[in-house]
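Q: Those sequence lines, one after another, are chains A and B.
Numbering of the first sequence is given in UniProt numbering, commencing with residue 1 and proceeding in unit increments.
Numbering of the second sequence is given in UniProt numbering, commencing with residue 1 and proceeding in unit increments.
Note that the Cβ used here is the ideal one computed from N, Cα and C, for glycine as well.
Below is one structure. I have some questions about it.
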Amino acid sequence: MADALVEDFITKLKRRQVEGSLVTARKTALVLRQVIAAERKPAPYQASQLIELVKNYGRKLIAANPTELAIGNIVRRVLHIIREEDVTSASHSAANTEDDVERAGPAGGGIAASTGNRTALLAPALKNLLEPTPQLQKPGSDSGSVAESESKRQEKPKSDRASWRLKHNVIEGINELITEVENFSSLIAEQALEHIHQNEVILTMGRSKTLLNFLSEAKKKRSFQAVVAEGAPRYDGHLLAKELAVLGVQTTAITDAAVFAMMARVNMVVVGAHAVMANGGVLAPVGLHMAALAAKRHAVPFVVLCGLHKLSPVFPHDPDTLLNDFKSPSGVLDFGEISDCLDSAAGRVHTPNPFFDYIPPELVSLFITDGGGHNPSYVYRLIAEFYSPEDYVL
Amino acid sequence: MAPRKGPPQEVADEEAQGPLQAILLADSFAQKFKPITLERPKMLLPVANVPMIDYTLEWLASAGVEDVLVFCCAHARQIQAYIETSKWKKQPNFHVTPIVSHNSMSAGEALRLIDEKNLIRNDFILISGDTISNMSLDAVLAEHKARRAKDKQAIMTMVVKQAKPDPVTHLTRLGNEELLAAIDPQTKQLLLYDHGKESGGREGSKGGQYLGLERAMFEGRQAVQLRTDLEDCFIDICAPEVLMLFTDNFDYQHLRRDFVKGLLSDEIMGNKIYTYELTREYAARIDNLRSYDTVSKDVIHRWAYPFVLDTMFGNRPVNVKLGRTNIYKEEDLKIARTAVIGENTVLGEKTVVGERTIIQNSVIGSNCVIGANVRIYGSYVWNDVKIGNGAVLTSAVVCDNVLVKDKAVVEPGAVLSFKVEVGGGFRVPAYSRISMLAQPMEDDDSDEELEYDQAGVGGADAHKGSDDEESEGAAVVPISWNPEEVGVAGKGCRWAMVREGAEDDEWKQSVAPIPAAKLADLAAAAAEDNSRDENAMDVSRSARASAQGDEETDEEDQDSEFLKEVGGTFRRGVVEKIKQENVQLEINGLKLAYNKTFAECASGVFKTMLVMTLEGKPASPAATLTALKKLLTQWGSLLKKFLTGEEDEAEVLLTLEEACEEKPTRDFGPLFAKVAQLLYDEDVLSEEGLFQWEGEKRYADESDKKYLNQCKIFLTWLREADEESEEESDDDSPLPAKAKAAAAPVEHSEDEDEADVADVSGEKARVSRADSPESRSPTTSISGDHAGSPGPQKAKGSAGRKQAEVEGPSVKRDLSFQLQDLEDDEARRNGETTDEEEEEVLSEVGSAGKRGGALAKVAEEEEREGPTTLPPSSIDYENDGKYLKGSASSEDEETREVRQPIKHDQAVDRRKSGDSQSVQSRGPDESLRDA
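Okay, structure coming up:
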C-alpha cells in the first residue's frame, strides 16, 4: 500500500504533475508518514531501521525530480524528527532501565543503552570521535551478569513498547511538520506590517501564494503601491497584478525588461522563492537574478519570502544545470512561428527555457521565514537547527 | 497494510464517469519505414533512445487515460512481449490491453475488429502508437463532451496544431503535404479536410490550383475559415459511434482519407467533426523518416516536455544528465578526452567514444562502440552498434547491431537496418536502404490498397522471423552478399526504392535534411505561386488554361471511372430491359458514391447512348439518327430525370460537343445540330437549355464555336418561336433569368453561373507567407453574414463566386458538382419570387496594384426592390483577400472589364467604405421570410 502510494507519487513527480515546493513538501510528508505508519517490522527495532527506510524512499523521491529541493528537505526533516524522538525516548527508557538496573545491580546499562542507541544512529563525523563508541560500550553492557540477562528478558516487552512509542512520536512529529508546512504562508504574512510601510512602492515579479498573502495582509493596515513584473515566460505576474488590483492595491504591471528602469522609484523588492540553499543563495523563478542585481544597483532592499521547508542543506555547486529544470521551448517561442528555426537544414535555434535563477546570497537583504526574519548569513544556523548533519548527504 | 488515509485526492478527480479509454493502433498500416519495420514494429523503434510507444503510453497515462487498448497487427508478439515486461503492466489505474490481429490491413479493419469485441463504451481517444504529445486532454475532452451533450452527432474532435503556414516548411518538417482545412471559427466544426494527394485531395501543390467549396458549407454560418497553417496531430477524440460507422461502412480503410472524407461529404447522416487547436502544447506523429528526424529533434529540444530524456519517463531507469546545448548523457559513458560531443546529442549508457571523434546533432544508443576519428553528424545510431575508426556517418539511420567498418562512409539519408555490416572503406550511397532481408519480389504497383496488402504480407514474413531472432538470420544466410552493395566483407542487400519512380522523391521523406538545391526549388515554386497570387490581374489566360489542364488530368481518373460505371449500368439497363426506375436508382447510387452531380449522370448516360448507337454500326448518318431516336424515345425520360435545370441541359450539349471530338463517337460531329434538335424534340432539352449553352459559348474561341455555328439556324428558329410567344422579352420583366441572359448577352454571364466556387488555388490559399507581415492572422474567412442590415454600401447577397462558363466544358464539369445546391436554390427562388430585379456587380477585391493581394472577384448582387433571394454566402476578405481568390470565374479579364468598368470601381469603393472589409450578404432564409 505504502509502496503503491510512493510509486504513484514518484510517477506524478516524474511527469511534473506535482510541482511547486509547497505541494511537493506536503505530499512528501504525507507519503513518508504513510510509509512509517505502514512499517510493520517485528519489534523491537531501532530507530536506525526507520531511518534507513525513510532514506531509501527519500532517495527515490528525490531522484524523481531533483529540482524540487523541498522533497529532500522534508525527507531530512523527517529523519531529524526520528533522531530527536529516538534520543528523547531513549533517555526516557534510560530512566526506566535505570530503575531496573538499580534493582538488579551495578551496571552502566541504562546509559549504555541510551548512548549506544544514539551512537548507532550517528554516521562517522568529527564530533563522534570525541564520544565513546558503541563498540566500546556494548561489550560493557553485554558483559553483565545474570542480572543483565534478566533485565534483557524484561526489556523485550519494554522495548516493544518503546518502539511503538517511538513510531507514535515520529508520526506526531510529522503531523506537526505538515501543519507547519501548511501554515507557513500565514505565519509569514503576519510579519508583513513590520516590513511594509505606508506609501511605499513594492516591486515584485511573478506570482506566489505566499507573496499574495503577504501583500494582502499588509494592505489591511497600510496603503502602498505595487509594481508587478510579468515574470516571463510564465507570465503569472499578470495574474498577481490582477489579484492585487482586486484587493485595492494601486498596481502597475510592467515587463521584466523594465525592472531596472522602475527600480529607482521602488522602496523594496519582495519576491517568493523556490528554495534557499545552504549558503544563503536562492533558487527562484527565472528573471529574479536580474531584479536582484537591479535592486543592488539602486540599493533597494531585496526581501525573499520563504517557508522553512524551502531551506535546503544543499550547496549550489552547479546551479545552472543540476538544479534547474529546462521546460519546453513553447514558453519562449510559438511553435508556428519558429518552424523555420526548427528546420534542421538551416541549423536549429537553441531555445532553452530554464525555470529557475540562482541568486547569490550577497544580493539578498533579508529572508522572511515562518520563523521570523533572517539574514542570509544566518541560514547555516537555521539549517543546523532543522537538520541533522548526518542527513546532509542522503 | 492498513492504510490510514484513502488514496490521494487526485485519483478521485480523474474518475468522473467511467474509465477514460483509448485505442492505440500499434501498426501504421503503411510501410514508410521499410525495411526496418520488417524486423521490428515501428512503435518499438527508439526516438532518442526511448521506444515510440512509451512516449504515447506515458502521455496517455499522465493525461488521465485509464484503459488503453493496444491494437497489434504486424509483429504483434514483439509488441505484446514488450508491454508484458514493461512497467505499464504494473501501474495502478492504468491498464494496457493488447488486442492481436494478424490479418488486419488497415486502420478501418482494426476498428471494426475492436467494435466487434465490444470493448468501447464511452468516448475514447483514437491515436496511433507513434504519436508524441504532451497535451492535456482535459480541455479537449470537456469540449467534446459538452458538444456531445448538445448534439449527439458531434462524434469526433480532431486535434490540430498551429504551425507555420508554408508549404516548404511542411515538407521540411514532417515530409507531408500541407493540410488545407475549412473550419467554422465559431463552432470549430471541420468542414473540409484536404491533406494533399496522400488522402486523395488536391493533387499536390502544383496541380490543384482550384478548390471547390460546397455551398452547403456556408449555410447558416457567420464565417468559414480556410486554413493552411495547421498540422494534423492524428489525435482524435471519438464517440463510440465512430466504431459503428466503421462497421457500417466496410470500405473505410484509412482514418483520414476514407473516414473523415466520408463523414464530411455525407450530409445525410449529419455526423460532424470538430477541431481543437493546440497552441502551446506539442503533438506530432512520426509518419515517415523525415518526421522521425524532426520529432527526435523536437524531443531533444524539449518541446515534448515533460517527456524529455532527463525526466526518466518510460521504462528505462537510467539517469540522464542534461548539459548545455542539449547534450544528454546517460550513465557509464566512456568518452575519450579528445572526442568532441557537439550540440543536440544524446549518448546512450555504456557507450564508448574513441579519440578525436566528433559527434553532433545525433542520437547514439546504448552499448555502442565508436572508434577513433569517427564523424557522426545528424545521425540516429541505435543500440549495440560498432563503428570503426575513421568512419563518417551523415544523416543516417543505423539500427541495432550494425557494424560499420573502418573508414566506411555512410552518405545522407541512408538506412542501415538491423545487423547490416558495411565493409571497410565502402561508401554507402545517399538514400539507399540496406537490410539483411532480401527485398520481397513484388509487382511495384503504387496502388494504395495493394500497399496495405504488402504491408500485411511483409509484417507476416517478419513476424515469422522475429519469433526467433536466430532463425531470422538463418533465413537470409543463403544469399551471398554483393560487395557492390555493402562493400568487401560486408553483409546486407540493398533495397531498390520502395516505389518505382520514387527515386526523385526519396529526399522528401528521408532523415537527411532536404538538399539546398531542392529547397531553393521549393522556395522558388512557392514564391512563384505567391507572385501569381499577387498579380492575379496579370495572370495570363494561358496560365489559367494550363492550370485547368492540370486539374483535368488530375480528376480524369475518377471521372472516367464514374463514366464507365454509369455507362455500364445504363447499358445493362437497355440490354436486360430493366425498369427505368431501377436504372435511375442505380445511377443515383453511383452519383452519391462518386460525389457527382445529376448533370454528370446525364452526361454519362447520354454518352453511352451515343456509343451504343454507333455500336449498331448504322450504315448512314440517317440510320444513326434513327437509332439514336429510338433509344431516346425509350430512355429519354430517364435522361430528363437527371436534368434539373437549364444548366444541366447545357451540360448535355457540352457533353455532346465533347463526344463529337472524341474518337468513338466522332461520327456525330456533322450531326451535331440534328442531334440537338432530336433532343429538343424528345423533350430532353428545353429551349432555355439551348440558349444557356449558346450563351456559354458566346465568349469562347472561334474554334470552340464550330458546333454553335452548326446550330445557328436551329437556334434562330427557336428564338423566333420564342419571341412569338412572349412579346416583352427584354428588360424589366419577370422573365426567367436564362431567357434574359440569352437575349441580353452582356449581362448574361453574370447570371448564368451559379457555381459557388471559391477558387482557392492550392498555392494561393497558402496563407500568410512570411512576406506579409501585416497580416499575422493566417486565416482566410469566408463569411455569410446573416445579420446583414442592408445598407447601401454593403453589397447584399453576392451570388457567390460565380462561374462563367467560357473556356470549355472541362472546367464546367469540374465545378458542376458544386452547382447542385445552388440550382436547387435557384429553382426555389424562381418559383417563389417573381418581382425581383437583380443587378449584379462584379467587383474586384484587393486589386494587385494597390494592395498587392490576390485578385478576388466577387460577383455581388444588389437588390433594388423586393427581397433578395440570393445565396447567403459571401467572402470576407481578411487580409485584403490576399489568400483566397474568391471567384472561380474563368471568364476573360478583358470581357469583364469591357462590360463593367464602372461597376467594378463602385464595388471597390464600396468595399473600402465598409471597414469590416467584408461583403455582407443576406441569407435566403431571411429573404424568403420577407417574401
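For B/Pro483, count neighbouring Cβ atoms within 10 angstroms of its own Cβ and tell me buried if that reaches 16, exposed if not.
A: The C-beta of B/Pro483 has fewer than 16 other C-beta atoms within 10 Å across all chains shown, which makes the residue exposed.
Q: Please report whether the beta-carbon of A/Ala4 lies at a distance below 8 Å from any beta-carbon of chain B.
A: Chain B contact via Cβ: present.
Q: For A/Pro316, go through chain B and note every residue whose CB falls closer than 8 Å to its CB, in chain order.
A: Within 8 Å Cβ-Cβ: nothing; A/Pro316 doesn't reach chain B, min ~17 Å.
Q: Helix, strand or coil, according to DSSP, for A/Lys55 in the structure here?
A: It is helical.
Q: According to DSSP, is B/Phe672 helix, strand or coil?
A: helix
Q: Suppose the cutoff is 6 Å on Cβ atoms and the five residues either side in sequence are ignored; what does the same chain contact list for A/Pro376 look like?
A: Gly280, Pro361 and Val364
Q: Rounded to the nearest angstrom, what separates B/Leu25 and A/Ser216 at their Cα positions?
A: 53 Å
Q: Does A/Pro329 get closer than 8 Å to chain B when you measure Cβ to Cβ?
A: yes
Q: Please determine if the region 261-279 of chain A and the region 288-298 of chain A are in contact, where contact requires at least 3 C-beta pairs separated by less than 8 Å.
A: As far as the Cβ criterion goes, the region 261-279 of chain A touches the region 288-298 of chain A, which means the pair count is three or higher.
Q: With a threshold of 8 Å between beta carbons, is A/Gln49 in contact with chain B?
A: no
Q: Please name the residues in the region 273-297 of chain B whose beta-carbon is closer than 9 Å to at least one beta-carbon of chain A, in chain order.
A: Leu278, Thr279, Arg280, Glu281, Tyr282, Asp293, Thr294 and Lys297
Q: Helix, strand or coil for B/Cys399, going by three-state DSSP, please let me know.
A: coil
Q: In chain B, what lies closer than 7 Å to A/Asp357 by C-beta?
A: By Cβ distance, chain B contributes nothing, its closest Cβ being about 16 Å from A/Asp357, past 7 Å.
Q: For the region 300-317 of chain B against the region 408-424 of chain B, are there 3 or more C-beta pairs whose distance is under 8 Å?
A: no
Q: Determine whether the Cβ of A/Asp256 lies closer than 8 Å to any Cβ atom of chain B.
A: no
Q: Do you know offhand how far B/Ile713's Cα is from B/Phe562's?
A: 35 Å
Q: Please decide whether A/Thr28 counts as near chain B, where near means a Cβ-Cβ distance under 8 Å.
A: no
Q: Compare the C-beta of B/Phe234 against all C-beta atoms of chain A and say whether one is closer than 8 Å.
A: no
Q: Check distances from the C-beta atoms of the region 358-371 of chain A to those of chain B and list, in chain order, the residues that come in under 7 Å.
A: none
Q: Going straight from the alpha carbon of B/Gln509 to that of B/Arg698, what length do you get?
A: 49 Å
Q: Residue ranges of each beta strand (DSSP E) run of no fewer than 3 residues wholly in the region 149-216 of chain A, ordered along the chain?
A: If one requires a minimum length of 3 residues, the beta strand (DSSP E) runs lying completely within the region 149-216 of chain A are 201-205, in chain order.
Q: Could you name each continuous alpha helix (DSSP H) segment of 4 residues or more that falls completely within the region 69-99 of chain B, going from the start of the chain to the end?
A: 76-85
Q: Using a C-beta cutoff of 8 Å, does B/Ala239 count as contacting chain A?
A: no
Q: Taking only beta-carbon positions, decide if B/His75 is within less than 8 Å of chain A.
A: no
Q: Which same chain residues, not among the five before or five after B/Arg324, have their C-beta less than 7 Å away from its C-beta?
A: Cβ within range, chain order: n/a, list empty.
Q: Does DSSP classify A/Pro285 as helix, strand or coil?
A: Three-state result, A/Pro285: strand.
Q: Between B/Arg698 and chain A, is any beta-carbon pair separated by less than 8 Å?
A: no
Q: Decide yes or no for the touch test of the region 53-65 of chain A against the region 2-9 of chain A: beta carbon pairs closer than 8 Å, at least 3 of them.
A: yes
Q: Considering only DSSP beta bridges, list what B/Trp495 is partnered with.
A: Beta-bridge analysis with DSSP links B/Trp495 to B/Arg433.
Q: For the beta strand (DSSP E) containing B/Gln692, name the first residue and the last one.
A: B/Gln692 -> not in any beta strand (DSSP E); alpha helix (DSSP H) instead, spanning Glu687 to Lys697.
Q: Using 8 Å as the cut-off, can you tell me whether the region 258-267 of chain A makes contact with the region 219-236 of chain A, which would need three or more C-beta pairs spanning the two stretches below that distance?
A: yes
Q: Let me make sure I understand the geometry here. Which of B/Gln692, B/Gly354, B/Gln634 and B/Gln78 has the alpha-carbon closest to that of B/Asn648?
A: Before going further, note that residue 648 of chain B is Asp rather than Asn in the sequence given. The shortest Cα separation from B/Asp648 among B/Gln692, B/Gly354, B/Gln634 and B/Gln78 belongs to B/Gln692.
Q: Taking Cβ positions only, does B/Ser62 come closer than 8 Å to chain A?
A: yes
Q: Could you list which residues in chain A have their beta carbon closer than 7 Å to that of B/Met312, in chain order?
A: Lys14
Q: In terms of alpha-carbon separation, which member of B/Ser296, B/Leu678 and B/Ala181 lies closest to B/Leu226?
A: B/Ala181
Q: Could you check the C-alpha separation between A/Glu84 and A/Ala294 for me, to the nearest Å?
A: 43 Å
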